[in-house]
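Under the numbering used here, the first residue of the sequence shown carries the number 12, and numbering increases by one thereafter. I have placed the structure first, in the form of structure tokens, so that the comments after it can refer back to it.
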Amino acid sequence: VMGGVDDARRLILQALANGKPVITANKALLATHGVELFTAADASGIDLLFEAAVCGGIPLIRPLRESLRGEPITRVLGIVNGTTNYILTKMTEESMTYGDALAGAQKLGYAEADPTADVEGHDAAAKLSIIASIAFGQNVVASDVFSEGISAITPADIAIANRLGYAVKLLAIAEIDATGSVLVRVHPAMVPHHHPLASVRDSFNAVVVDGAASGSLMFYGRGAGGEPTASSVLGDVIDASVNLNKGAHASLGVLAKSNLRPMSSLRGEYLLPLEVTDRPGVLHAVTGIFARHDVSIRAAEQDGIGNGARLVFLTHEASEAAVQECIAELRKLDVVMRVGGLLRVIGD
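Pasting the structure below:
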């Protein structure tokens, strides 16, 4: 459970070279140097186990490595950061502001004094890179993951999503297409109320694994905390001792070079909130930008706020690239006071 990267990397490589099994919960290390460490473990014929590095006490790594080894996995999506899920739960159920919900998370010990890694999606991106590497057999590192956090989300955004039949969650998503191209992303998303991830509350984590033959499998539980993490570490210790007695070790095999596709290739539906000045012609100017970029509007709402207005647009399916072009152009309009947090809609 040693933290940091450089010293942990050096000591783990030394232990593996000396034939000593290693159990680690260090996700930052695995998300940056995983392939080097896995290769060293295989070369030494010894275990490098890391169940606790992702989602604490939830058994996820072992099923991906063993039970689903013969299953063509097509997508993994989940809530893998308890801090942000707690914050979004409070914003949803108690209409708390982001700042108040964050302060509550810090008071309970769910969030660090500097919460950046959690709330901006960096922690989830590190975990997703590990999950994607195992699920797809490719060397995915944390810097490959597109990430956006939750700090721009407001209770009003969540309320609108709820009226439309969605819950707002910070999701980690990895998917592979028929060509073997992988897209890895972390961002706030609108999840249909009937989807099992929509009901995951507070600091709990959950991951859904979609397989070509098995369908959807969901892993749910406490993703952090001393006891859940200790449970996963102890399980790895027992596995390592059994393998040591057998002269065996758990191998990931060779991870291929990552075949990534950019976030701009994504297609989906989007919810975009704007705060604008309340004067004639504003709606025409805004919708004209969407039209120029071939982004069709499925629904729109308008509410008064102080001296301005709040506009919320739900699009039909559109390309990420086109939506980002719209946002860039909207920011330049003098009638747009604020572009809110973009919410991507997740299908079934």
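Every residue gets a Cβ at the ideal spot worked out from N, C-alpha and C, and that includes glycine.
Counting every other CB atom within 10 Å of its CB across the protein chains shown gives Glu-331 a total of 16 or more, marking it as buried. Lys-257 sits exposed, since fewer than 16 C-beta atoms from the chains shown fall within 10 Å of its C-beta.
Burial is judged here by how many other beta carbons sit within 10 angstroms of a residue's own beta carbon; Asp-250 has at least 16 and is buried. Pro-291 counts as exposed, since fewer than 16 other beta carbons sit within 10 angstroms of its beta carbon. CA-to-CA, the gap between Ala-136 and Val-91 works out to about 9 Å. Here the C-alpha atom of Val-195 lies approximately 15 Å from the C-alpha atom of Gly-279. Under DSSP, Thr-326 takes part in a beta bridge, and its partners are Ile-308.
Between the alpha carbons of Pro-203 and Gly-89 lies a gap of roughly 14 Å. At least 7 Å separates the beta-carbon of Arg-349 from that of Tyr-281. Taking the Cα positions, Leu-322 is about 39 Å away from Ile-84.
In its chain, beyond the 5 residues on either side, Pro-199, Gly-352 have a beta carbon closer than 6 Å to the beta carbon of Ile-164.
The beta-bridge partner set that DSSP reports for Lys-118 is empty. Counting along the chain, Ile-90 sits inside no alpha helix (DSSP H); it lies in the beta strand (DSSP E) bounded by residues 84-90. Judged by their CB atoms, Asp-155 and Leu-263 are not nearer to each other than the 7 Å cut-off. For His-198, the three-state secondary structure derived from DSSP is strand. Its Cα nearest to that of Leu-266, the residue Val-46 stands out among Lys-31, Val-46, Leu-255, Arg-20.
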